[in-house]
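Here's the structure we're looking at; comments come further down.
Residue numbers (the numbering used here), protein chains in the order written: chain V, 15 to 158; chain G, 93 to 168.
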């Protein structure tokens, strides 16, 4: 597996686990309150911490298992794959922001708006890496 | 893994093994690409840019038309 694909897997897992933690807290907190839970700095900080720890440990492990290629710049195929994945993620982010703003106009719930926009950022970033994995896998073949 | 084949066919693997001592990694290093990109090109999973195609042909010591061909039956 190429170094770029490894990093895409690491970031996908980090974003998934971070998202599960964040929305686990927000959904349970909102159920207790009976309304959208306000955004809390400690929850966002722990989310950032989860992402940072998994990303750092994962990238160190990926670099150690790809010592020869970890520092290589992206080649044309990797740049094309990254650009396609970025394009998909940007589209999803645009749609998510639009939906979030639309729901705000219906509910005037600022807490909900924050969580939806934050969730949109998480989903679009996750799709950015997930799409890279799919595209890398689609072009993979057996080495000789 | 599966994946659609490109309409650019090539003889990189045959030329590489018959006329050179390049491994996929060695060829990749010489042309400024990753080993995975050479693997994908050889398997027709990725069509290289014109510049990369010329670089590969140059490193293999063959004219580009000997290394790469266009298969119109795969053109959609």
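Glycine included, C-beta positions come from ideal geometry on N, C-alpha and C. Model, not experiment: these values are computed from the prediction.
Close Cβ partners of residue i (< 8 Å) along its chain, the five nearest in sequence each way excluded
{"i": "residue 141(V)", "result": "99, 102, 103 and 106"}
{"i": "residue 167(G)", "result": "99"}
{"i": "residue 93(G)", "result": "Caution applies to residue 93(G), whose pLDDT of 49 falls short of 50 and renders its modelled position unreliable; the value that the coordinates give is listed next. There are no such residues."}
{"i": "residue 146(V)", "result": "18, 19, 22, 95, 96 and 99"}
{"i": "residue 127(V)", "result": "114, 115, 117 and 118"}
{"i": "residue 138(G)", "result": "98, 129 and 132"}
Distance between beta carbons of residue j and residue i, contact taken as under 8 Å
{"i": "residue 33(V)", "j": "residue 136(V)", "result": "5 Å"}
Pair within 8 Å by beta-carbon distance, residue i and residue j
{"i": "residue 122(G)", "j": "residue 151(G)", "result": "yes"}
{"i": "residue 104(G)", "j": "residue 134(G)", "result": "yes"}
{"i": "residue 116(G)", "j": "residue 127(G)", "result": "yes"}
{"i": "residue 165(G)", "j": "residue 90(V)", "result": "no"}
{"i": "residue 129(V)", "j": "residue 50(V)", "result": "yes"}
{"i": "residue 130(G)", "j": "residue 119(G)", "result": "yes"}
N- and C-terminal bounds of the beta strand (DSSP E) containing residue i
{"i": "residue 146(G)", "result": "Premise fails: residue 146(G) lies in the alpha helix (DSSP H), 142–152, not in any beta strand (DSSP E)."}
Residue of the options minimising C-alpha distance to residue i
{"i": "residue 75(V)", "options": "91(V), 20(V) and 88(V)", "result": "20(V)"}
{"i": "residue 143(V)", "options": "96(V), 120(V) and 119(V)", "result": "96(V)"}
{"i": "residue 125(G)", "options": "110(V), 139(V) and 85(V)", "result": "85(V)"}
{"i": "residue 82(V)", "options": "70(V), 93(V), 16(V) and 151(V)", "result": "16(V)"}
{"i": "residue 110(V)", "options": "123(V), 87(V), 139(V) and 121(V)", "result": "139(V)"}
Spatial neighbours of residue i in its chain, beta-carbon cut-off 7 Å, leaving aside the 5 residues before and after
{"i": "residue 154(G)", "result": "107"}
Heavy atom of the ligand GTP within 7 Å of residue i beta-carbon
{"i": "residue 62(V)", "result": "In the structure on display, the ligand GTP does not appear, and there are no ligands present to speak of."}
Boundaries of the alpha helix (DSSP H) in which residue i is found, first to last residue
{"i": "residue 146(V)", "result": "124–152"}
Cβ-based neighbour list, residue i, same chain, cut-off 6 Å, excluding 5 preceding and 5 following
{"i": "residue 65(V)", "result": "28 and 32"}
{"i": "residue 109(G)", "result": "none"}
{"i": "residue 68(V)", "result": "28"}
{"i": "residue 114(G)", "result": "108"}
{"i": "residue 147(G)", "result": "123"}
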